[in-house]
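When you line the sequence shown up against my numbering, it's residues 11 to 789, in that order. Here a beta-carbon is modelled for each residue, glycine too, at the ideal position from N, C-alpha and C.
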Amino acid sequence: MKDKFRLKAEELTSICDQEDLNFDTTEDMSPLKGIIGQDRGTQALGFGLKIKKKGYNIYVSGLSGTGRSTFTYSIAEGYSKQEPVPLDWVYVYNFNRKESPKALSFKPGQGKEFKKELEGFIEHLKRTIPETFAGIEYETRKNDVIKIFNQKKGNVLKKLNEKSAEYGFVYTPSEQGLISIPLKDGKPINEEEYAALSIEEREDMMEKYEELRIATVEEFNDLRILDEDLAENINQLDQNVVLEVIRYDIKKLMDKYGQRAATAIYLNELEKDILENLGKFKNKNAPKNFSLFDLPTGNDENFFIRYRVNLFVDNSQLENAPIILESNPIYNNLMGHIEYKSQMGVLTTDFTQIKPGSLHQANGGYIIFQMKEILNNPISWEMLKRSLKTNEINIENYNRLMGMAVTATLKPEPIPLDVKVIIIGDDYTYNILYNYDDDFRKLFKVMADFDIEMDKSSENLKRMGEFIATHCKESNIKHFDKMAVSRVVEYSTRIAGHQDKLSTQFNQIIEILYEADFWATEEGSDYVYERHVKKAIDEKIYRSNKYEQKLNEMFMEGTLLIDIDGEKVGQINGLAVMGTGEYSFGKPSRITATVYSGEEGVINIEREAKQSGRIHDKGVLILSGYLGQRYARKKPLGISVGLGFEQSYSVVDGDSASSTELYAILSSMSDTPIKQYLAVTGSINQKGEIQPIGGVNEKIEGFYQVCRLIGLTGRQGVVIPRSNIKNLVLRDEVIQAVEKGDFHIYAIDNVEEGVQILMGRTMEDLDGVINKKLEGISN
């Protein structure tokens, strides 16, 4: 009867068809183009990169190791080559609001030219303006202006002295201005003569002087107006002279860069500011070094900073749109920042200290983040979303954003933002953000989902060979022969856990490639052969299976109790999966059930001890439903069942042991022994159907190892759900044992078939015995 449920050796794995590998070694193969088995993700990624509407940024989802990051970058790189080089950006001084530097844009490469030409122009003025004002032509023009005003002042002074003579005074020019000197007998007196005057003469002289001041107010006002007019005319002369010097260069700059309105306005303001600050240019002997007694802004060199250009984003070296991988998106790295320098213990800054972030560098192109990295920097995440919503990048002081007290700082003009943001993360994070972050839902409308498996088609097998060939060439490792590639493909199928699938977790496959190359090198082989791949896999397992070996030793010593021969009532071998990091393995566990009079029904001992997970609780409730539906349709069962995992000291979870637990209960209720040399796994529903479970390969191999160590009898085996056959990719050792008849694997669809294999009886026989006992209990 068992034969119809027993699986053949060829059903236990998926052998790679050699006909699909039409090469001798990977050296004969062309490199892989693109990525394998990610058609859905590739299509979504391409759509997101092509569409230019607001909010269509991309979230790339999938497990690490599926090639998400590498492929995303390569795809984005391809699209970036079709996009033009974005604009250059510079920051310049704002002559109207110095705390808000202006942002100017230029064609690619022109930003560097503008900086060089403008700063060169200013340096030229610092040399030529002092030379111009020291020249003979300027002095002649200035003297002509002064001469005209001196003539006018002479006329006023003549009129003034005519009036002053009437009061006994005369006005004489000096370095301090006009000085009034008393007259005696029509002649000016000196100090000795003034000292010899009597008090009455002095008082009379003072009274006349006061009268003179009142009488000459008009003349003095005329002189003051003439001085102001002279200063204004000289200033106008200076400006005209400088305009003659700078007009050519300003026009040259305007013709080259003034097509953009913001730049034209800046150049006009620059010209005006130069004319308003001619004194700084004329004084070529201004101090060059910062003095201990100078304020930070009192130095002429500090003054000339206003005419410098901060080349903020320079795209002169680019050939197409930029693509930036930001691995550390802290706020300053992402959004840019303003640096400070200390002068006399005071932190100061200026527009030349504004530094760009990666968002500025990627502007006009693409920027890629890892989701976990940017979520570790919440302020960066919030500011990124704000920039995407407003389509502009603002540089703000980080401490101010955090609500801390800060020194006075700048607020640069924002720069328009046009960037495609690509974030690489996992499904869980995507779902959390989509449900709880409204901004995320609006800004990341494209989700490119990368699968962890692909179909095991001829085309994908060919591309897997190309993938191996590419890595051999790029990583400078030995090429693989056909059988070695076949073994790698089978390993990929094992990782996928499905006979008709291949894994897309390429990082695990690449590890095997590198390690197989290592063992081939150790052997001195020119190529990697199947034995090297097998050794790489075995060595990888050996490095991680210490815990598994320790448990197996405990089974051999009898520390962990298990029976792998004979028959017992109410006792069965269940199977669980344990893991240490990347490596997972199967562990058999003894499950026992006891039946006695009572009304409690099935008592889950693990749950009572608070060692049962929710899914395990559900499985026990389901098998309780099956028992109730089968044996208590007319009246209550009237029994209590104690159900537990023996020697289990940690939380038990999952429902893959629910069918196993049911068999133990049926055995105890009917006093029918269960074959102890068989282990069972499988989930059950309330109708008695056996449902598939996870980790089927590890569970089978775990029980096989225990049986092998204690001693194979030729009767041992495992009962699994028939729906798990497609997931069987067992190790060679187990397959060979099955082929020899030393170990057996049975596949079933329902409880009835399991009862036949485990107890050697039909379900009808069992029902008769159980119903008879239940009637005896109720009576």
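Limits of the beta strand (DSSP E) - the one that residue i falls within
i	result
P7	Lying outside 11 to 789, the shown extent of the chain, residue 7 is not represented and no answer is given.
M457	V456 to D459
S79	Careful: S79 lies outside any beta strand (DSSP E), inside the alpha helix (DSSP H) at R78 to S90.
A205	Note, A205: premise wrong, no beta strand (DSSP E); alpha helix (DSSP H) at E201 to A206.
A689	L688 to V690
A642	A642 -> no beta strand (DSSP E), and no H or E assigned at all.
N407	Premise fails: N407 is in no beta strand (DSSP E) and is neither H nor E.
A757	H754 to I758
L22	L22 -> no beta strand (DSSP E), and no H or E assigned at all.
D98	D98 to V102
T182	F179 to S184
Collapsed DSSP secondary structure at residue i in the structure displayed
i	result
I487	coil
D465	strand
M588	strand
Q581	strand
I61	coil
T362	helix
Y219	helix
P422	coil
D510	coil
I522	helix
S650	strand
E29	helix
E699	strand
Enclosing alpha helix (DSSP H) for residue i [first to last residue]
i	result
S496	K492 to A506
I146	I146 to E176
L114	Counting along the chain, L114 falls outside any alpha helix (DSSP H), though it belongs to the beta strand (DSSP E) covering K112 to F116.
A603	Run containing A603: none in the alpha helix (DSSP H); it sits in the beta strand (DSSP E), Y593 to S607.
P388	P388 to T400
L344	Y341 to M345
I767	V761 to M769
Nearest residue (CA-CA) to residue i, options the options
i	options	result
R270	W99, V319 and V155	W99
K282	S467, G58 and R257	R257
E711	E558, K91, G591 and L784	E558
K292	Q518, I132 and A113	I132
Y89	A757, N287 and K430	K430
S669	K628, K644, Y659 and R643	K628
I582	Y673, L240, Y438 and G130	Y673
E671	K644, L637 and K645	L637
I462	E774, E279 and Q515	Q515
Residue i to residue j span [Cα, whole Å]
i	j	result
K455	N338	24 Å
I139	N104	23 Å
A790	N734	Residue 790 lies beyond the range of the chain shown here (11 to 789); nothing can be said about it.
T772	V779	11 Å
Y444	R624	27 Å
T531	I522	14 Å
A225	I158	26 Å
L633	A586	18 Å
D30	Y537	20 Å
C482	K488	6 Å
P683	D777	15 Å
M564	P598	12 Å
T307	F313	Note that T307 scores a pLDDT of 41, beneath 50, so its modelled location is shaky; the value from the coordinates is reported in the next line. Rounded to the nearest angstrom, the two C-alpha atoms are 7 Å apart.
I755	V729	6 Å
L561	Y659	14 Å
K14	F595	28 Å
R640	F81	55 Å
L114	L97	10 Å
The ligand ADP heavy atom lying under 7 Å from the CB of residue i
i	result
E109	For the structure depicted, the ligand ADP is absent and the ligand set is empty, with no information on it obtainable.
Chain D contact for residue i (CB, 8 Å cutoff)
i	result
K60	No chain D is present in this structure, which holds just one protein chain.
Task: Three or more C-beta pairs below 8 Å linking the stretch 493-511 and the stretch 15-35 - done: yes
TODO: Taking 8 Å as the threshold, find out whether the stretch 466-484 comes into contact with the stretch 107-114 through three or more Cβ pairs.
DONE: no
Open item on the list: Assess contact between the stretch 704-723 and the stretch 569-587, defined as three or more Cβ pairs (one per stretch) separated by less than 8 Å. Is contact present?
Closed with: yes
- [ ] Report yes or no: do three or more beta-carbon pairs, one from the stretch 399-408 and one from the stretch 110-122, lie closer than 8 Å?
- [x] no
Open item on the list: Whether or not the stretch 538-558 and the stretch 476-496 are in contact is what I'm after, with contact meaning three or more pairs of Cβ atoms, one per stretch, closer than 8 Å; do they touch?
Closed with: yes
Open item on the list: Any contact between the stretch 29-41 and the stretch 506-516? By contact I mean 3 or more CB pairs, one from each, below 8 Å.
Closed with: no
Open item on the list: For the pair the stretch 323-339 and the stretch 363-381, tell me if three or more CB-CB distances fall below 8 Å.
Closed with: yes
Task: At least 3 beta-carbon pairs within less than 8 Å: the stretch 686-693 vs the stretch 611-623 - done: no
- [ ] Give a yes or no on contact between the stretch 661-681 and the stretch 632-652, applying the rule of three or more CB pairs nearer than 8 Å.
- [x] yes
TODO: Assess, as a yes-or-no matter, whether the stretch 61-77 is touched by the stretch 339-357 under the definition of 3 or more beta carbon pairs within less than 8 Å.
DONE: no
- [ ] Kindly confirm or deny that the stretch 173-180 and the stretch 215-231 touch, where touching means at least three C-beta pairs closer than 8 Å.
- [x] yes
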